[in-house]
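Comments concern the structure below.
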Amino acid sequence: YDRVQIILGRKGKPRPKTHIFAFTGLMRCGECGAMITAEEKIKRQKNGNIHHYIYYHCTRKINPNCTQVSIEEKALEAEIMSFLSKIEIPPEFREWATEELKKAHAVEKKDRNTILHNQQRQYDVSVRDIDALLEMRMRGEITAEVFSQKQKELEGDKAQLKNALDNVNKRIDSWIKTAENTLTFAEKARAEFQAGNLEKRRQILTALGSNLILKDKILSVQIENPLIVIEKAAFEVKAIHEENARLEP
Numbered sequence: 393y394d395r396v397q398i399i400l401g402r403k404g405k406p407r408p409k410t411h412i413f414a415f416t417g418l419m420r421c422g423e424c425g426a427m428i429t430a431e432e433k434i435k436r437q438k439n440g441n442i443h444h445y446i447y448y449h450c451t452r453k454i455n456p457n458c459t460q461v462s463i464e465e466k467a468l469e470a471e472i473m474s475f476l477s478k479i480e481i482p483p484e485f486r487e488w489a490t491e492e493l494k495k496a497h498a499v500e501k502k503d504r505n506t507i508l509h510n511q512q513r514q515y516d517v518s519v520r521d522i523d524a525l526l527e528m529r530m531r532g533e534i535t536a537e538v539f540s541q542k543q544k545e546l547e548g549d550k551a552q553l554k555n556a557l558d559n560v561n562k563r564i565d566s567w568i569k570t571a572e573n574t575l576t577f578a579e580k581a582r583a584e585f586q587a588g589n590l591e592k593r594r595q596i597l598t599a600l601g602s603n604l605i606l607k608d609k610i611l612s613v614q615i616e617n618p619l620i621v622i623e624k625a626a627f628e629v630k631a632i633h634e635e636n637a638r639l640e641p
């Protein structure tokens, strides 16, 4: 739920906070599959200085003998930053890609109008069939049982066509908005994670994917569309971006 809200550019509903740690409840241990939890440790030096550290580690609820060691929060954040850099895209690429998406959107709108016309025609035929069936019943040409059976079939067809009409309208409008928000997310996520507060960092990590694995102090993220497309494009885009920067003088 949280991931979808971020991709769609929404804030989502506030949820009760049960802890002060940013990344608990999001990752699993890569060795035993248990959830990753966190704890704060305080170290007091002889000179009176007090240092606070947050460590993330396997809960060991699945396998008490899990051998995975803990990772300090700063090291985990570095892992997350490293991954975010893989999907980061330059601002000019986002602007170009957004314009291309709008062009594709215009083309698909034409296709949508054709689909809508055909579906609307089928829907109108379905409505006429229901009216005709009612007239046949009123004239006594069919029995109540036959009327009831046929009415259910026709009403079911009409409902499916109505649903199809609604889906065509929603589909195109939603994918263009999701694509634009995904591009913006890929452009700004790393910088916003670096400067963000605890809740913001948690939101960004949630948006990356549902399968976050921590093993041997290394974070693995199995992302899905549309971010997987961005990750594949980002490498080539950065290479072009760097080449253009060298050639600019």
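Residue 641 is where the sequence shown ends in this note's numbering, and the numbering goes up by one at each step. Glycine included, every Cβ here is placed at the ideal spot set by N, Cα and C. Fair warning: this is a prediction, and the values are worked out from it, not measured in the lab.
Task: Limits of the beta strand (DSSP E) - the one that arginine 420 falls within - done: Along the sequence shown, one-based indexing puts residue 420 at 28. Taken as a continuous stretch (DSSP letters only), the beta strand (DSSP E) holding arginine 420 covers 419-421.
Task: Range covered by the beta strand (DSSP E) that runs through alanine 430 - done: The residue you call residue 430 lines up with position 38 of the sequence shown. 428-436 is the extent of the beta strand (DSSP E) around alanine 430.
Task: Backbone secondary structure at asparagine 573 - three-state DSSP - done: Within the sequence shown, residue 573 is the residue found at index 181, counting from 1. In this structure, asparagine 573 counts as helix in the three-state DSSP scheme.
- [ ] Under the assumption that alanine 631 contacts glutamate 480 (Cβ atoms under 8 angstroms), give the Cβ distance between them as a whole number of angstroms.
- [x] Within the sequence shown, numbered from 1, the residue matching residue 631 stands at position 239. Within the sequence shown, numbered from 1, the residue matching residue 480 stands at position 88. Actually they do not touch by this definition, with Cβ atoms about 13 angstroms apart.
Open item on the list: Quick check on the DSSP output: the beta strand (DSSP E) that includes isoleucine 605 runs from which residue to which?
Closed with: Indexing the sequence shown from 1 puts residue 605 at position 213. First-last of the beta strand (DSSP E) with isoleucine 605: 603-607.
Open item on the list: Assuming glutamine 595 is part of the alpha helix (DSSP H), what are its boundary residues?
Closed with: For the purposes of this step, residue 595 is identified with residue 203 of the sequence shown, where counting begins at 1. Counting along the chain, the alpha helix (DSSP H) containing glutamine 595 begins and ends at 590-600.
Open item on the list: Just to confirm, is the Cβ distance from arginine 420 to leucine 600 under 8 angstroms?
Closed with: Translated into the one-based positions of the sequence shown, residue 420 becomes position 28. Translated into the one-based positions of the sequence shown, residue 600 becomes position 208. Contact: no.
Open item on the list: Here's the rule I'm using: 16 or more other beta-carbon atoms within 10 Å means buried, otherwise exposed. How should isoleucine 620 be labelled?
Closed with: In the sequence shown, residue 620 corresponds to position 228, counting from 1. Classification of isoleucine 620: exposed, given that the 10 Å Cβ count is below 16.
Task: isoleucine 446, enclosing beta strand (DSSP E) - first and last residue - done: To locate residue 446, count along the sequence shown from 1; it is residue 54. First-last of the beta strand (DSSP E) with isoleucine 446: 442-450.
TODO: Assign leucine 597 to buried or exposed, taking buried as 16 or more other Cβ atoms, counted over all protein chains shown, within 10 Å of its Cβ.
DONE: On the sequence shown, position 205 is the one that residue 597 refers to. So leucine 597 ends up on the buried side.
- [ ] Provide the residue(s) that pair with glutamate 464 in DSSP beta bridges, ordered along the chain.
- [x] Here residue 464 is taken as the residue at index 72 of the sequence shown, counted from 1. Tyr447.
Task: leucine 483 versus glutamate 591 - alpha carbon distance - done: Here residue 483 refers to the residue found at position 91 when the sequence shown is read from its first residue. Here residue 591 refers to the residue found at position 199 when the sequence shown is read from its first residue. Here the sequence assigns proline to residue 483, which means leucine is not the residue at that position. Their Cα atoms are separated by approximately 25 angstroms.
- [ ] Could you tell me the distance, in whole angstroms, from the CA atom of cysteine 450 to the CA atom of valine 461?
- [x] The count along the sequence shown starts at 1 and reaches residue 450 at position 58. The count along the sequence shown starts at 1 and reaches residue 461 at position 69. Rounded to the nearest angstrom, the two C-alpha atoms are 8 angstroms apart.
Task: Where the beta strand (DSSP E) containing isoleucine 610 begins and where it ends - done: Working through the sequence shown from its first residue, we reach residue 610 at position 218. Counting along the chain, the beta strand (DSSP E) containing isoleucine 610 begins and ends at 610-614.
Open item on the list: Can you give me the C-alpha to C-alpha distance between glutamate 471 and isoleucine 507, rounded to a whole angstrom?
Closed with: Sequence index remark: in the sequence shown, residue 471 carries index 79 (1-based). Sequence index remark: in the sequence shown, residue 507 carries index 115 (1-based). Roughly 47 angstroms between the two C-alpha positions.
Task: Span separating the alpha-carbon of glutamate 431 from that of isoleucine 446 - done: In the sequence shown, residue 431 corresponds to position 39, counting from 1. In the sequence shown, residue 446 corresponds to position 54, counting from 1. Their Cα atoms are separated by approximately 6 angstroms.
Task: Among Ala587, His509 and Ala496, the one whose alpha carbon lies nearest that of glutamate 572 - done: The residue given as residue 572 occupies position 180 in the sequence shown. Answer by Cα proximity: Ala496.
Task: From Lys438, Phe415, Ile454 and Leu418, residue whose alpha carbon lies closest to that of alanine 426 - done: The count along the sequence shown starts at 1 and reaches residue 426 at position 34. Nearest of Lys438, Phe415, Ile454 and Leu418 to alanine 426, Cα basis: Ile454.
TODO: Compute the distance between the beta-carbons of threonine 574 and proline 618, then report whether it is under 8 angstroms.
DONE: As a first step, residue 574 is located in the sequence shown; it is residue number 182 there, counting from the start. As a first step, residue 618 is located in the sequence shown; it is residue number 226 there, counting from the start. Cβ atoms of threonine 574 and proline 618: closer than 8 angstroms.
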